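When we follow this note's numbering, the leftmost residue of the sequence shown carries the number 5, and every step to the right adds one. Okay, structure first, notes after.
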Amino acid sequence: MSRSDIDLAGPSLITRPLLHCPACSSTRLDPVVESLVQEVHFLCADCGRCWHASLGAVRRMGPATCFGCPARDRCEQVYAADHPAGPTPSASDRV
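Written as structure tokens, this is what we have:
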């Protein structure tokens, strides 16, 4: 494989495992490096949701997992809107 073949191949699954946002289908995903656990998360520039891709699975990341993220305020707002606090079950509701 020549150098020009490599250049034309486009992004590989190793360097870009997530091609679009699972929530809004945007391709504007910015890598965010989580240095404490050495993971790369992908922050969607359009909807503000953060994702982690590993071993063929994608999961939503909460703001508490991304220390030092430059978009943490927006991420917290979007996450809170997606996960509204509901009523806490009382002891009599538990079986």
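Even glycine gets a Cβ: it sits at the ideal position worked out from N, Cα and C. Only a predicted model underlies this, so the values are computations on that prediction, with no experimental measurement involved.
Within 10 angstroms of the beta-carbon of Cys79 lie 16 or more other beta-carbons, which makes it buried. Selection Asp34, Ala84 and Ala61 evaluated against Pro74 yields Asp34 as nearest (Cα-Cα). Going by DSSP, Asp50 is part of no beta strand (DSSP E) at all; its letter is neither H nor E. Judged by their CB atoms, Val44 and Cys70 are not nearer to each other than the 8 Å cut-off. Shown here for Ala27: same chain residues with a beta carbon closer than 6 Å to its own, the five before and five after excluded, namely Cys51 and Arg53 in chain order. Listed in chain order, the non-local C-beta contacts of Val82 below 8 Å within the same chain comprise Cys51, Gly52 and Arg53, local neighbours out to five positions each way being set aside.
By the neighbour-count criterion, in which 16 or more other beta carbons inside 10 Å mark a residue as buried, Ala68 falls on the exposed side. Secondary structure note for Ala84: its alpha helix (DSSP H) is the uninterrupted segment Arg76 to Asp86.
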